[in-house]
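Written out below as C-alpha cells is the structure these notes cover.
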Amino acid sequence: LHVIDLDGAKAGRPVNFEVAGRIAERTGIPVQTGGGFRTIGNIREALDAGVFRVIIGSRAFEDKDFIGECVRTFGEKVIFSVDVIGLKAGVRGWVETSDENVHEKLLPHLAENGVKEIIYTDIKSDGMLSGPNMDALRKIFEHVEMKIISAGGIKDIGHIRQLKELEVRPGAKYGVSGAIIGRAIYEGTIDLKEAINVGKENNTVS
2 LHVIDLDGAK
12 AGRPVNFEVA
22 GRIAERTGIP
32 VQTGGGFRTI
42 GNIREALDAG
52 VFRVIIGSRA
62 FEDKDFIGEC
72 VRTFGEKVIF
82 SVDVIGLKAG
92 VRGWVETSDE
102 NVHEKLLPHL
112 AENGVKEIIY
122 TDIKSDGMLS
132 GPNMDALRKI
142 FEHVEMKIIS
152 AGGIKDIGHI
162 RQLKELEVRP
172 GAKYGVSGAI
182 IGRAIYEGTI
192 DLKEAINVGK
202 ENNTVS
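Counted from 1, the sequence shown has number 99 at position 98 by this note's numbering; the numbering is strictly sequential.
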C-alpha cells in the first residue's frame, strides 16, 4: 500500500508517518510511505512505527551523499522517488523543480550508489487518467539498468497491460516492476482485484 503524507511533503518533515504505521498494523498490508523524510532519524522512526519501506524524494536531489548513506543504512527499506516534469525533477511537494537533467545526472548517481529500484512519477500524467508515459520509461532504460515502479496516468486494465510490455524479464536488472494506482480506484475506472491479477501474470509486475 502506497501512502503519501502530503502535509509532510509541504512541511519538509514527516507529519503523519504514525498513521501509516497504524494502517499497516490494522490491515496486515505492507505500507510504503513518503513525504518530508530528510534525515536518517526520520526514516528510522517510520520503520520503527511499522512502516515496511520509506520513500525518499527531495532530499536525494539536494544532497547526493544522502543517497549512499540511506542505502548503506537501510538497504531496500528505502526507495527513491523520481518525480519528473519534462527532464527536471519536481521537489518539495512539486512546488519547485531541480536544475539538473534527471536522465543525465540523478539516475546515474542513484545507480552508482547501489539503487536498484525507484518509483517514477510522471507529474503531468499524475491524476489525469491519461495513461503511463511509456516513452519516458523507455528513455530511462536507455540510461540506467534499474527497476521502476511506475506512477501517474493509470486509468484502466489496458494501461496495466501497457506497462507489462516493459516489465522486468527473468534474469534482467531493469524493467517495470510495479504500478501505483490512485485516482482510478476512487473514480471506479479500474477493478482493483483484476488489476492485481493482471499484474501478477508471469509474477513480474505487481
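Don't be surprised by glycine CBs; every beta carbon is placed ideally from N, CA and C.
List the whole-angstrom C-beta distance separating residue 161 from residue 180, where the pair is believed to meet the contact cut-off of C-beta under 8 Å.
One-based indexing of the sequence shown puts residue 161 at position 160. One-based indexing of the sequence shown puts residue 180 at position 179. Indeed, because the Cβ distance is near 6 Å, the residues count as touching under 8 Å.
According to DSSP, simplified to helix, strand and coil, what is residue 50?
Here residue 50 refers to the residue found at position 49 of the sequence shown. The three-state reading of DSSP puts residue 50 in coil, since its state is none of H, G, I, E or B.
What are the boundary residues of the beta strand (DSSP E) that residue 187 is part of?
Against the sequence shown, residue 187 aligns to sequence position 186. Here residue 187 belongs to no beta strand (DSSP E); instead the alpha helix (DSSP H) covers 184 to 188.
Are the stretch 61 to 80 and the stretch 107 to 123 in contact at 8 Å, needing three or more beta carbon pairs?
Judged by Cβ distances under 8 Å, the stretch 61 to 80 makes contact with the stretch 107 to 123, as three or more pairs qualify.
With a 10 Å radius around its C-beta and 16 neighbouring C-beta atoms as the bar for buried, classify residue 156 as buried or exposed.
Reading the sequence shown from its first residue, position 155 is the one you call residue 156. It is buried - the Cβ of residue 156 has at least 16 other Cβ atoms within 10 Å.
Within 10 Å of its beta-carbon, does residue 168 have 16 or more other beta-carbons around it, so buried, or fewer, so exposed?
Indexing the sequence shown from 1 puts residue 168 at position 167. By the neighbour-count rule (16 or more Cβ atoms within 10 Å), residue 168 is buried.
For residue 126, does the three-state DSSP call read helix, strand or coil?
Taking the sequence shown and counting its residues from 1, one reaches residue 126 at position 125. The three-state reading of DSSP puts residue 126 in coil, since its state is none of H, G, I, E or B.
Could you name the residues of the same chain whose beta carbon sits closer than 8 Å to that of residue 2, not counting the 5 residues immediately before and after it, in chain order?
Locating residue 2 in the sequence shown gives position 1, where the first residue counts as 1. 24, 25, 28, 30, 31, 32 and 33, listed in sequence order.
Rounded straight-line distance, which links the Cα of residue 5 to that of residue 190
Here residue 190 corresponds to residue number 189 of the sequence shown, with the count starting at 1. Here residue 5 corresponds to residue number 4 of the sequence shown, with the count starting at 1. For the pair residue 190 and residue 5, the Cα-to-Cα distance works out to about 21 Å.
C-beta contact flag for residue 154 and residue 178 at 8 Å
Stepping through the sequence shown from its first residue, residue 154 is reached at position 153. Stepping through the sequence shown from its first residue, residue 178 is reached at position 177. A distance of 8 Å or more separates the beta carbons of residue 154 and residue 178.
Neighbour-count burial assignment, residue 147, 16 or more Cβ in a 10 Å radius:
As a working note, residue 147 is residue 146 in the sequence shown. With 16 or more other Cβ atoms within 10 Å, it is buried.
Outcome for residue 187 when other beta-carbon atoms lying within 10 angstroms are tallied against a minimum of 16
The residue labelled residue 187 in the question sits at position 186 within the sequence shown. Label assigned to residue 187: exposed.
Going by CA-CA distance only, name the one from 144, 50, 20 and 198 that's closest to residue 102.
Indexing the sequence shown from 1 puts residue 102 at position 101. The shortest C-alpha separation from residue 102 is found at 144.
The alpha helix (DSSP H) with residue 173 in it runs from where to where?
Here the question's residue 173 lines up with position 172 in the sequence shown. Neither: residue 173 is in no alpha helix (DSSP H) and is coded neither H nor E.
Return the first residue and the last residue of the beta strand (DSSP E) that residue 3 is part of.
The residue given as residue 3 occupies position 2 in the sequence shown. 3 to 5 is the span of the beta strand (DSSP E), which, as asked, contains residue 3.
Taking 8 Å as the CB-CB cut-off, is residue 128 touching chain B?
Among the chains of the structure shown, chain B does not appear; only one protein chain is present.
In its own chain, which residues sit with a C-beta less than 6 Å from the C-beta of residue 104, not counting the 5 before and 5 after it?
Here residue 104 corresponds to residue number 103 of the sequence shown, with the count starting at 1. These residues qualify, in order along the chain: 144.
Measure the C-alpha to C-alpha separation of residue 44 and residue 111 and round it to an integer number of angstroms.
Against the sequence shown, residue 44 aligns to sequence position 43. Against the sequence shown, residue 111 aligns to sequence position 110. Using only the alpha carbons, I get a separation of about 18 Å.
Residue 81 bridges to which residues according to DSSP?
Here residue 81 refers to the residue found at position 80 of the sequence shown. According to DSSP, residue 81 shares a beta bridge with 57 and 119.
So what does residue 168 bridge to, in DSSP terms?
Along the sequence shown, read from residue 1 onward, the residue named residue 168 stands at position 167. Its beta-bridge partners are 177.
Inter-residue CB distance, residue 150 and residue 141 (contact presumed, cutoff 8 Å):
Working through the sequence shown from its first residue, we reach residue 150 at position 149. Working through the sequence shown from its first residue, we reach residue 141 at position 140. That belief does not hold up - the Cβ atoms of residue 150 and residue 141 are roughly 12 Å apart, past 8 Å.
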